[in-house]
Structure formats: structure tokens, C-alpha cells
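For the sequence shown, my numbering begins at 10 and goes up steadily by one.
Note that beta-carbon positions come from the ideal geometry of N, C-alpha and C, so glycine has one too.
Note that the structure is a prediction, hence the values are computed from the model and not measured.
Take a look at the structure set out below.
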Amino acid sequence: MTVQDCRNWQSLTRAQQLAKRHQNWGEVVMLLSKTGSSGRGGGLTLGATLICATAATGAWAASNQSTIPSFYPTPTRHYLKHSVNVCDQGSFFVGGMLKRTYYERSSVRSANPQVVMIGQMYVQFQIPMKFNDYPVIFVSGGAHTGASLESTPDGREGWAPYAFRKGIPTFVVDQSGRGRSGFDVSAIHEGVAKLTDSDPSNDAEGRALIPNTLVLGPSDWWQGTFGHLVNPQTGQPTNGPGTANIFVDQLVPHGWSPLDPDTTHRPGVKPQFPIHTTSAELIPPNLIPKGEQVPGTLAGPKDYYLLHYWRQLVPNAEQTLPGGQCPTCTPTTISAGGFASGHTWTPVNVAELVEQLGKIYGGAVIATHSQSGPIGHHAVRYLKQNGALKYLKGLITVEGTPVTLANAGLTEADFDDIPYVVVKGDYSATSAQSQDIVNALIARRKARNGSAAVEYIKLDEAPSNANAWPSPLKRPVMEGITHMMMDGTDEGLGNDSNDIMQVILNWSNSRIPKMKKAISCNKGDDRDRGGHGAKRR
């Protein structure tokens, strides 16, 4: 085989090479096999093909790498830091119920009723080859799906694959009514029908069926997470306090200047987040506008409006689902408010997932973020009601939406045997509600009630200052950690999202008991016979 054989692919025209730019290297191998001239019969031998595949990969990278966005996986750029072996992976749904409706497909009432499935929850899982840690159920925050825990906007492994790589079974969910779990479109259809009929008395009911749905836009969420919308020269909105305007003021990151109005972090600390990873707009040709569309001239910088991160934000469509009552909660009605439906449906399904995993593996840990913080607590209530609280091995709350134990119908005694940890970053204030829960649980431990560990980890503060029982976790101080810490990148301060996840895993490893027996993937592999392919040892 000659060197020229390994360069055959380079003899293609530029157009042919560009046609191949989005294909994987395995297809380059096939191309080489067809065009090669060395070896018997004029084709490349298998060994030669593999060697040429390596050469093709290097040449491919040299010619195409610079033109492809950094978040695309390529033969030379991987999301995972290390390769992994997987015992099992896949997806399934938990829960759901049938609903009768005359508005299945449109706002025109059908002659006969139909039924639709609502409230189900999508679950994506990965099982390692061997493990003795309980599975972790990851629940994303508001306006996000499980995608926020699968990978980072700049093309790195997310918290879930990192935990899996550390030998932990992971179950990543999309909240009921959101993302791949779907939502109840029949409620919107019925609302439109009531608003457009000739009876004004139906208007209020129609408006209630079409909820105000949370969605996070770039300028709004930037201010809530990464920085400010201000005049960079003054540190305040151009037209005065409370008047920030995307056409006049600019997006600036935390710590951009001594004029930074935020005092929750040390001056000059910038967000450890990939705010430099952008992707251009891709506008279909001959687009017919629908509602307000062209934004006009933004004050910019334009790149901050084009962060690749913005693409993962979705509406909180779970508001199309009905709310409910909780006799033991304060207040007892949880059917009002921006997140109420999420506190009704997803907790039931997460509790069901914990219970079933408990029957299989002995238990599971719930890890929530932001808006899903109350979901974890309500799931505890459902487990308690179902007599399955023994299966919950830990509750991790990362910058959770404020919730009290009374809100979720719980008491301090419910956590006597459940390790409880709260985590916060640099730019968010301490949650008074979370602090109260942690303090109450610690007081109960000091009174010799319960034995489970408790801690409020404030990443930007020294561990010696932490509220903890029996003792604070030894860990580094981390500055610049944003609310979206699972996407964090090292912007010169030495920590990224994996470092933060490792702190959480260190806490779990030292505070949450291991499984009684390790589980290994069954070498005999009984999948074809309907088995799971894993066995206890």
C-alpha cells in the first residue's frame, strides 16, 4: 500500500469534500475502500483501510475543524472526557392518565368525545457495567428539559454522563407537560373554542384553559443568571432604574467593571459559563411572519443574544395540565401559580420512579435544580403517603425555588433517615427557606432525633462556615458559579461543571450509604430472553 492510497480521498474535488463534511469517518473508510488502488483486486485490505481511516480523520480535521461550531461532536472532538462501557441504556415513560375531550385535534368541537394521554413523564437512563451507588434521578429546572443535564452548550459532558462515568446509574427526566413528555394541547383547543364562541360567559373559563406559560428569553434570563442589561459606562440602565431596554442598554457579564451593581460576589469575578459559545441564526427562506418577529437593532453585543445555550430553553407547557389539592400542605390548594402543575404531576411520577427503582436496586436519590426544588419535596410527600419513603436514599436541591416543609406537607421528622443537601453558587442569595429547613434538621439531629447528614453548601464560602451535621464537607471555595452551574466552564478561576458535580458526589459518597450488594452486568447477557442483563454480586 502506498502513501498515495491513503491520500485518495484528498483527490476529491472541494465540492465532494464539502459534501462529506457532515458525515462520520466510517463513511470516509467506505469511500477509501471504493477508490483505493492498492491490494489484490484493486481494493484496500482491511488493515490498510483502517490505517487510511486514521489518516483521513487527521486530514478531515485539518480541512474542516475550523468551520464547524465547537458544540458539534467530531472524530477528534468529543463530549465525554473518557470512553465509557454501558450495561444498558434507553428511555421509557412513567405515569400519565386518560382524559376525555372533544378537542383532541382542533378548537372545533368534535361530534363524539375522544381520549388523550396527559401527565406522563419521559425518562432517559444509563446503567454502568458495575455499581454499588444508588441510582440518581435528575430533574431539570424551569424552562429546561433533561438536555440541560446531558451536555453543556459548548460541547462537554453534562452532570448526568459525568455521574454515570463515575459508576452511578442515571435517570434523567423531562418534567410532565414539558419537552419529550408532551403537554395537553386539547386544553388550549378548548380554551380557544370558549373564547371564540358567541357566549361571553365562557370567556373566563377559556382564558383559564390557555395559561400564561413561562419562557425565558435571552435578555431576561441573562439578567437573572449571567449579568446585567445596563449602560456599560454607568452600570445603570440608560433611562434610569427599572427601565432597562434591549434597544438602548447592553448585556454585560457579572464582574465586567467596578460599576457592577451586584454585591453578592467578589468584585471582578466573572461568570464561569460558556458565554462565548454562540451559534448563528438559521432563518428559513421565504418565511411568512407570524406575530412580532424581526427584533430590530439590538444594542448588543449581538453574540450574547446568540448564545448556543439559549436554544435549549423551552416553554413550561406543563401549565396546560390541571393543578390539585394537598390536604396536608400549606396552602392546601396548589393549582394556582406559575409552577403549580409541575408540583402536582412530576412529583407523583418521580415518586413512582423512586419506588420502582427501590424495588429493583433498593432505592434512589433525587437531584433537583431551580424550579424543580419543590418537586423533590412534594415527591417525598407522595412517597410517604405510599409507604415507600424507605426507598429515598437522599435529596439534593441545587438552588431550588423557595419551598418550606409546610408547603410540601412535610415535617422535619420525615428526613430523619434521608440525607439532605442544598447547594448554591456565587450570584444567588442564600435561600431563607432552604436555610430554615437545614437549620431545623440540624437542630433535630442535635436533639438526637434522626441520623441522616444535613448541609447547606455555599460554593462561594469556606466550608468552615457551612451549616452542617455532623460536619461540613471538605471542599474548595468556588467563585463565579452561576445558577446554571451544570453548564459551567473554567473562565480562569479553575473550576468547571464537572468540578461542581464532583463536590456533590463527594458529599453523596461520604453521606449516603452504599447499596448492600454491588450489581454487575451479567456476562451471560440475557437480553434476548427478556432479562435486564444485570445481576447482584
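Using the rule of at least 16 other Cβ atoms within 10 Å of the residue's Cβ for burial, across every protein chain shown, is residue i buried or exposed?
i, result
"Val447", "buried"
"Phe140", "buried"
"Glu301", "exposed"
"Lys433", "buried"
"Val124", "exposed"
"Thr286", "buried"
"Thr87", "In the sequence under discussion, the amino acid at residue 87 is His, which differs from the Thr named in the question. With fewer than 16 Cβ atoms within 10 Å of its Cβ, His87 is classed as exposed."
"Gly188", "buried"
"Thr273", "exposed"
"Pro178", "buried"
"Thr491", "buried"
"Ala120", "exposed"
"Ser195", "buried"
"Ala527", "exposed"
"Gly151", "buried"
"Gly264", "buried"
"Asn474", "exposed"
"Thr76", "exposed"
"Ser92", "exposed"
Report back the beta-carbon spacing between residue i and residue j to the nearest angstrom; my notes put them in contact at under 8 Å.
i, j, result
"Thr355", "Gly332", "No, Thr355 and Gly332 are not in contact; Cβ-Cβ is about 12 Å, not under 8 Å."
"Pro383", "Arg520", "Between Arg520 and Pro383 the Cβ distance is about 22 Å, and since that is not below 8 Å, they are no contact."
"Asn254", "Pro246", "7 Å"
"Glu421", "Leu450", "6 Å"
"Thr406", "Ser443", "7 Å"
"Gly489", "Asp435", "6 Å"
"Met138", "Ser529", "7 Å"
Please report the straight-line C-alpha distance between residue i and residue j, rounded to a whole angstrom.
i, j, result
"Val257", "Pro122", "52 Å"
"Ala461", "Asp423", "11 Å"
"Lys311", "Glu166", "27 Å"
"Cys338", "Val431", "21 Å"
"Thr498", "Lys525", "36 Å"
"Trp4", "Pro276", "The shown model of the chain, from 10 to 546, leaves out residue 4, and the question about it has no answer."
"Gly409", "Leu468", "15 Å"
"Asn416", "Pro340", "6 Å"
"His198", "Ser350", "18 Å"
"Lys108", "Thr205", "23 Å"
"Ile375", "Lys279", "30 Å"
"Leu296", "Phe192", "27 Å"
"Tyr370", "Ile466", "28 Å"
"Cys335", "Tyr111", "29 Å"
"Ala217", "Leu330", "11 Å"
"Glu470", "Ser480", "15 Å"
"Gly164", "Ser149", "18 Å"
"Ile284", "Pro293", "26 Å"
"Val463", "Leu307", "46 Å"
"Leu414", "Asp445", "9 Å"
"Ser3", "Gly215", "As displayed, the chain neither begins before 10 nor continues past 546, which places residue 3 out of reach and without an answer."
"Val555", "Gln394", "Past the edges of the chain, shown from 10 to 546, lies residue 555, and the structure says nothing about it."
"Arg457", "Phe147", "31 Å"
"Asn531", "Asn94", "13 Å"
"Val512", "Gly305", "44 Å"
"Arg453", "Asn476", "13 Å"
"Pro84", "Ser288", "21 Å"
Is the Cβ of residue i closer than 8 Å to any Cβ of chain C?
i, result
"Tyr88", "Checking the listed chains, one finds no chain C in this structure; it contains a single protein chain."
Is residue i near residue j, with beta carbons less than 8 Å apart?
i, j, result
"Ser506", "Trp168", "yes"
"Leu316", "Pro162", "yes"
"Met487", "Leu158", "no"
"Val412", "His378", "no"
"Pro170", "Leu89", "yes"
"Gln135", "Gln98", "yes"
"Phe282", "Phe348", "no"
"Phe180", "Val132", "yes"
"Arg114", "Ala202", "no"
"Pro220", "Gln328", "yes"
"Leu401", "Leu392", "yes"
"Val389", "Leu366", "no"
"Gln259", "Gly309", "yes"
"Gly372", "Asp426", "no"
"Met510", "Ala156", "no"
"Lys4", "Leu514", "The structure shown does not extend to residue 4, since the chain is modelled only from 10 to 546, so the question has no answer here."
"Gly244", "Ser266", "yes"
"Pro472", "Lys455", "no"
"Pro231", "Tyr313", "The question names Pro, yet the displayed sequence has Trp at residue 231. Contact flag set, yes."
"Asp271", "Lys523", "no"
The region 312-332 touching the region 224-231, judged by at least three CB pairs closer than 8 Å = yes
Between the region 175-192 and the region 202-214, do three or more beta carbon pairs fall short of 8 Å?
-> no
Any contact of the region 356-366 with the region 97-106, i.e. 3+ C-beta pairs under 8 Å?
-> yes
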